[in-house]
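Asks:
In UniProt numbering, the protein residues as written are 1 to 138.
#1: Between the C-alpha atoms of residue 118 and residue 84, what's the straight-line distance to the nearest angstrom?
#2: Pick helix, strand or coil for residue 1, following the three-state DSSP scheme.
#3: Please report how far the alpha carbon of residue 126 lies from the alpha carbon of residue 89, in whole angstroms.
#4: Under the three-state reduction of DSSP, which class applies to residue 72: helix, strand or coil?
#5: Taking the alpha-carbon positions, what's the residue 35 to residue 25 distance?
#6: State the Cα-Cα distance for the pair residue 109 and residue 123, rounded to the nearest angstrom.
#7: Measuring only the C-alpha atoms, how far is residue 111 from residue 134?
#8: Given residue 86, which residues of its chain have a CB within under 7 Å of its CB, disregarding the five upstream and five downstream residues?
#9: Pull up the distance between the alpha-carbon of residue 75 and that of residue 57, whole angstroms please.
#10: Could you tell me the distance, in whole angstroms, from the CA atom of residue 55 to the CA atom of residue 21?
Shown next as structure tokens:
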């Protein structure tokens with residue numbers, strides 16, 4: 001190959017590369033223009049058209065569901081359940097406290113009876129000691 005042929009071949013390769021690069025840029029610009037036009041159309045459409053478009057999009061995307069806002073019934077039901085659970089908890093808590101107070105009361109009764117028994121035994125012991133002391137003096 002001669003220098004001229006090499007130069008021509010190099011020019012052809014460069015031209016092909018430039019053309020393919022231009023096609024890629026043109027394709028990207030075309031895609032961007034289509035996206036922009038689609039967005040403009042969506043912005044300009046009426047409410048009825050928006051609903052129709054969303055319905056057609058939903059039929060295309062059946063697997064993906066959109067979130068719907070609740071009307072408040074779920075919130076009220078949740079708050080009712082929460083309140084019921086809280087009331088149950090408070091009842092149980094009061095029952096536990098009542099049982100604890102009963103145990104303490106029973107404990108106090110047992111302690112009082114033991115103390116009374118000890119005092120009675122002490123009095124009997126003192127009476128017996130006094131009797132012995134009197135009999136020893138005689």
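C-beta: ideal position from N, C-alpha, C; glycine also.
Here the structure is a predicted model, which means the values were calculated and not measured.
Replies: Reading from the atomic positions:
#1: 51 Å
#2: coil
#3: 55 Å
#4: In the structure shown, residue 72 sits in coil (DSSP, three-state: anything other than H, G, I, E or B).
#5: Cα to Cα, residue 35 sits roughly 15 Å from residue 25.
#6: 21 Å
#7: Spanning the two alpha carbons is a distance of roughly 34 Å.
#8: none
#9: 30 Å
#10: 40 Å
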